[in-house]
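S.K.: Let me begin by handing over the structure; questions about it come next.
Structure below.
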């Protein structure tokens, strides 16, 4: 009993500590960046003068890159997961792929950057473009998408598959019409969580040659680009206090984006969950 | 709550139909046996004596049906009482058929002698027994408690008639020793008729149990 | 007394029953989950247009056996079947057998009603679409109405075909699943404890439905409820420890079984 109470007290203490630290951090950023946050900041180009600099290209760059990442990771991830879960049947090849995916999930992100540089930028000749950046982050997101999709596929009850098979449906019809739609909320949740990891990544994009400073908006997938975290990184490294304020404001924007993506994931899961019960 | 048609209900109805058919057969055989006596018709006697197969067949079939329904359908409440009543009524009706044969046997012996006296009370008894039989079966089919009660009341009347027949014939036998043999057959016949009335009473009691779940036997 | 005019042969209700042709003929079947043998030497003939019930304690293999009849066991990896299963004289375990086509002929209804999370209409349309059975919308609608009527649920759902099937009650869901199975016009209907999750009234409706359906289908039902087997089936097969102990006319199994084991089971003296 006494041990229980001790453990409980300690848990609460640790939790409070980390919450205090987080709040302090958020407060610090908030007080630094709040004054800089306005419509002009969101819609202006970067500038040498801190007071007139904005994050417009960075926001657009981040959104474009995410779009490419999703387009890349979603079909590939679902395809791989469906193969492993429904067709692989625990064979040697399937096991080999499984081990590789698990390993891939633990690889530092900079390695993905090097991979992207070697394959997309150089070998495919896509250059330091949004396409290369998105594809690189797609690789990064892939293990998470695959793992969460497999998890979602596993939660589809056997009875749904049996119901379909019993009506003379083929395996593929069953997967396409019954299993995937049922698993979709889980898959999308996984995808969004993977995306919110990707949106904060800096290292792989710098590795493939994303720019730190651009004064134009990206014109297409082959365009050079920058993203929010790189922009922030760039400002933080400048000596002037005014740029530090810009960085704080950029972080706030990034945080808001991240939190809203997570919120969408939660809402999505809840809504589908209700519809199914 | 919605009531749904059940094929079990059809089976119960069919059971009822069979039982009614059996009752009709028993009644018909009783009527023939008594007519052979009144008309002194030997051919009708033979028809009664040899025509027992159909009712026996039905007896077995009814038992089989009830057995099967009890085993397979797990009837409850009024359904259960209906089937149990059917089993007992079935036995009563088969006995009525047997009694008709017994009557016919007595008639065959009786016809070898000249008539003892004018038959008045025996045809009356036969009429009453038939009415009781018919009423008890109607009460079964219609679940009619009033009719069943009426059958119970009529049984006393039948008993009285039997006593009167016995007394009359006793007088005959005392008067003329030659009438002893045919008189005994007539007494036997009246006794069979009285037994038929008892079976009709049993049926009526079963009907009362089936409809109201009240046991009125031995009261 | 019209009932009396029938020939005596149909009046006797003993073990004699109208002989119908054999629909499913199983000879010496063994079934394995991996190395574990689940069924041993099952031999049984299942007759057309009759209801055959499989009874037995949990884990006796009755459900497993049912699933071998439309090769549903194939979904589970590592299962193996030996022996012969013929449907209409055709070996359903032959290499040339089209499993999808087999399942179209041998429909199945499961223990837990499993409507798809779609509309009532789409639940029935699914089998028609995946099998390409209807040419146009009108024909499909006709077929859907027909099968909902056959499953005795049309009156309850005809005004809300576009509503989610998950809004229906348990009994309605199960009848919808039966309608779904009937829509693709199978010859045989396998039912795996179709009423075990339902209340007595819903159960009675399913049983009544089974009684009506046997005019058009060969029905095999697995049930852990002996009374239900007694009520709905013409023939009964008793399974125990992966073996078929006894099979025969239902009234014979329930009134005068040949095997001691069967007698002990139906009288509740088991173990």
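Chains as they are written, first to last, in the numbering used here: chain A, 515 to 791; chain B, 774 to 992; chain C, 305 to 575. Cβ atoms here follow ideal geometry from the backbone N, Cα and C, with glycine treated the same way.
Less than 7 Å between the beta carbons of residue 587 of chain A and residue 652 of chain A, yes or no?
M.R.: On the first chain, position 73 is the one that residue 587 of chain A refers to. On the first chain, position 138 is the one that residue 652 of chain A refers to. Cβ atoms of residue 587 of chain A and residue 652 of chain A: closer than 7 Å.
S.K.: Return the chain-ordered ranges of every alpha helix (DSSP H) run that is complete within the stretch 830 to 914 of chain B and spans a minimum of 4 residues.
M.R.: 850 to 883
S.K.: Going straight from the alpha carbon of residue 961 of chain B to that of residue 832 of chain B, what length do you get?
M.R.: Taking the second chain and counting its residues from 1, the one referred to as residue 961 of chain B is at position 188. Taking the second chain and counting its residues from 1, the one referred to as residue 832 of chain B is at position 59. So the alpha carbons of these two residues sit roughly 25 Å apart.
S.K.: Between residue 619 of chain A and the rest of its own chain, which residues show a CB-CB distance below 6 Å, the 5 nearest in sequence each way excluded?
M.R.: Against the first chain, residue 619 of chain A aligns to sequence position 105. Here the set comprises 657.
S.K.: Where are the alpha helix (DSSP H) runs, 4 residues long or more, that stay fully inside the stretch 358 to 441 of chain C, in chain order?
M.R.: 366 to 372, 403 to 409, 424 to 434
S.K.: Counting only C-beta atoms, is residue 753 of chain A closer than 7 Å to chain C at any point?
M.R.: Against the first chain, residue 753 of chain A aligns to sequence position 239. No, because no Cβ of chain C sits closer than 7 Å to the Cβ of residue 753 of chain A.
S.K.: Would you mind giving the Cβ-Cβ distance between residue 980 of chain B and residue 879 of chain B, rounded to the nearest angstrom? I have them listed as a contact below 8 Å.
M.R.: In the second chain, residue 980 of chain B corresponds to position 207, counting from 1. In the second chain, residue 879 of chain B corresponds to position 106, counting from 1. The Cβ separation is near 30 Å, so there is no contact.
S.K.: Looking at chain C, which residues of the stretch 678 to 691 of chain A have a Cβ within less than 8 Å of any of its Cβ atoms?
M.R.: Those residues of the stretch 678 to 691 of chain A that come within reach of chain C (Cβ to Cβ, closer than 8 Å) are 678, 679, 680, 681, 682, 683, 684, 687, 691.
S.K.: With distance defined between alpha-carbon atoms, name the residue in A:748, A:669, A:573, A:674 nearest to residue 556 of chain A.
M.R.: Indexing the first chain from 1 puts residue 556 of chain A at position 42. It is A:573 whose Cα lies nearest to the Cα of residue 556 of chain A.
S.K.: Within 10 Å of its beta-carbon, does residue 440 of chain C have 16 or more other beta-carbons around it, so buried, or fewer, so exposed?
M.R.: Residue mapping note: residue 440 of chain C aligns to position 136 of the third chain, counting from 1. Around the beta carbon of residue 440 of chain C, a 10 Å sphere encloses fewer than 16 other beta carbons of the protein chains shown; the residue is thus reported as exposed.
S.K.: Does the CB of residue 491 of chain C have a neighbour CB from chain B at under 7 Å?
M.R.: Indexing the third chain from 1 puts residue 491 of chain C at position 187. Not an interface residue.
S.K.: Inspect the CB distances between the stretch 748 to 760 of chain A and the stretch 809 to 819 of chain B and report whether three or more fall short of 8 Å.
M.R.: no
S.K.: Just reading off the alpha helix (DSSP H) that residue 800 of chain B is part of, what are its end residues?
M.R.: As a working note, residue 800 of chain B is residue 27 in the second chain. 780 to 812 is the extent of the alpha helix (DSSP H) around residue 800 of chain B.
S.K.: Could you tell me if residue 677 of chain A is buried or exposed, where buried requires 16 or more neighbouring beta carbons within 10 angstroms of its beta carbon?
M.R.: The residue given as residue 677 of chain A occupies position 163 in the first chain. By the 16-neighbour rule on beta-carbons within 10 angstroms, residue 677 of chain A is buried.
S.K.: From what residue to what residue does the alpha helix (DSSP H) around residue 929 of chain B run?
M.R.: For the purposes of this step, residue 929 of chain B is taken as the residue at position 156 of the second chain. 918 to 948 is the extent of the alpha helix (DSSP H) around residue 929 of chain B.
S.K.: Would you verify that the beta carbon of residue 845 of chain B is, or is not, closer than 7 Å to some beta carbon of chain C?
M.R.: Working through the second chain from its first residue, we reach residue 845 of chain B at position 72. True, the Cβ-Cβ gap to chain C drops below 7 Å.
S.K.: So residue 528 of chain C is in the beta strand (DSSP E); what residue range does that whole segment cover?
M.R.: Against the third chain, residue 528 of chain C aligns to sequence position 224. First-last for residue 528 of chain C: undefined, no H or E at that position.
S.K.: Tell me which residues share the same chain as residue 334 of chain C and place their Cβ nearer than 7 Å to its Cβ, disregarding the 5 neighbours each side in the sequence.
M.R.: What you label residue 334 of chain C is simply residue 30 of the third chain in a count that begins at 1. Excluding positions up to five away in sequence, the list reads 341, 343, 344, 345, 386, 387.
S.K.: Show which residues of chain C have a CB atom less than 9 Å away from the CB atom of residue 779 of chain B.
M.R.: As a first step, residue 779 of chain B must be located in the second chain, where it is residue number 6. Here the neighbours are 508, 511, 512, 515.
S.K.: Alpha carbon to alpha carbon, how far is residue 887 of chain B from residue 848 of chain B?
M.R.: Here residue 887 of chain B corresponds to residue number 114 of the second chain, with the count starting at 1. Here residue 848 of chain B corresponds to residue number 75 of the second chain, with the count starting at 1. Roughly 56 Å between the two C-alpha positions.
S.K.: Pick helix, strand or coil for residue 577 of chain C, following the three-state DSSP scheme.
M.R.: A question about residue 577 of chain C goes unanswered here, because the residues of chain C that appear run from 305 up to 575.
S.K.: Can a CB atom of chain B be found closer than 7 Å to the CB of residue 316 of chain C?
M.R.: Counting from 1 along the third chain, the entry for residue 316 of chain C is found at position 12. A caution first: residue 316 of chain C carries a pLDDT of 36, below 50, which makes its placement in the model unreliable, though a value can still be read off. Chain B, which has a Cβ nearer than 7 Å to the Cβ of residue 316 of chain C, makes this yes.
S.K.: Helix, strand or coil for residue 791 of chain A, going by three-state DSSP, please let me know.
M.R.: Translated into the one-based positions of the first chain, residue 791 of chain A becomes position 277. In this prediction, residue 791 of chain A scores a pLDDT of 44, lower than 50, which makes its location untrustworthy; the coordinate-derived value is nonetheless stated afterwards. Residue 791 of chain A falls in the coil class under three-state DSSP.
S.K.: Using a beta-carbon distance cut-off of less than 9 Å, what residues from the stretch 408 to 422 of chain C approach chain A?
M.R.: 408, 409, 410, 411, 412, 413, 414, 415, 416, 417, 418, 419, 420, 421, 422
S.K.: Does any C-beta atom of chain B lie closer than 7 Å to the C-beta of residue 429 of chain C?
M.R.: Within the third chain, numbered from 1, the residue matching residue 429 of chain C stands at position 125. Output row for residue 429 of chain C: interface = no.
S.K.: Could you check which residue in B:779, B:809, B:983, B:838 has the C-alpha nearest to that of residue 915 of chain B?
M.R.: Here the question's residue 915 of chain B lines up with position 142 in the second chain. Considering only alpha carbons, the answer is B:983.
S.K.: Just to confirm before moving on: does the CB-CB distance between residue 538 of chain C and residue 373 of chain C stay below 7 Å?
M.R.: In the third chain, the residue the question calls residue 538 of chain C occupies position 234. In the third chain, the residue the question calls residue 373 of chain C occupies position 69. Cβ atoms of residue 538 of chain C and residue 373 of chain C: not closer than 7 Å.
S.K.: Can you confirm whether residue 531 of chain C, when its beta carbon is compared against all beta carbons of chain B, has any partner nearer than 7 Å?
M.R.: Working through the third chain from its first residue, we reach residue 531 of chain C at position 227. For residue 531 of chain C, the answer is yes, since a Cβ of chain B falls inside 7 Å of its Cβ.
S.K.: Evaluate residue 541 of chain A with the Cβ neighbour count: other Cβ atoms within 10 Å of its Cβ, from every protein chain shown; 16 or more gives buried, anything less gives exposed.
M.R.: If you number the first chain from 1, residue 541 of chain A lands on position 27. It is exposed - the Cβ of residue 541 of chain A has fewer than 16 other Cβ atoms within 10 Å.
S.K.: Straight-line CA distance for residue 369 of chain C to residue 377 of chain C?
M.R.: Stepping through the third chain from its first residue, residue 369 of chain C is reached at position 65. Stepping through the third chain from its first residue, residue 377 of chain C is reached at position 73. About 9 Å.
S.K.: Checking 7 Å against the spacing of the C-beta atoms, do residue 326 of chain C and residue 389 of chain C come in under that value?
M.R.: Along the third chain, one-based indexing puts residue 326 of chain C at 22. Along the third chain, one-based indexing puts residue 389 of chain C at 85. No. Outside cutoff.
S.K.: What in chain B is Cβ-close to residue 454 of chain C, meaning under 8 Å?
M.R.: Against the third chain, residue 454 of chain C aligns to sequence position 150. Per Cβ cutoff of 8 Å: no residues; residue 454 of chain C is ~16 Å from chain B at best.
S.K.: Which whole-angstrom value is the C-beta distance of residue 630 of chain A and residue 722 of chain A, which I expect to be below 8 Å?
M.R.: Counted from its first residue, the first chain places residue 630 of chain A at position 116. Counted from its first residue, the first chain places residue 722 of chain A at position 208. Rounded, the Cβ-Cβ distance is 5 Å, consistent with contact.
S.K.: Which of the residues in the stretch 369 to 389 of chain C, read from start to end, lie with their CB under 8 Å from any CB of chain A?
M.R.: 374, 376, 379, 381
S.K.: Closer than 6 Å: is that where the CB of residue 600 of chain A sits relative to any heavy atom of the ligand HEM?
M.R.: No copy of the ligand HEM appears in this structure; indeed no ligand is present at all.
S.K.: Measure the Cβ-Cβ separation of residue 429 of chain C and residue 451 of chain C and say whether it is below 7 Å.
M.R.: Taking the first residue of the third chain as 1, we reach residue 429 of chain C at position 125. Taking the first residue of the third chain as 1, we reach residue 451 of chain C at position 147. Result no, Cβ atoms of residue 429 of chain C and residue 451 of chain C do not sit closer than 7 Å.
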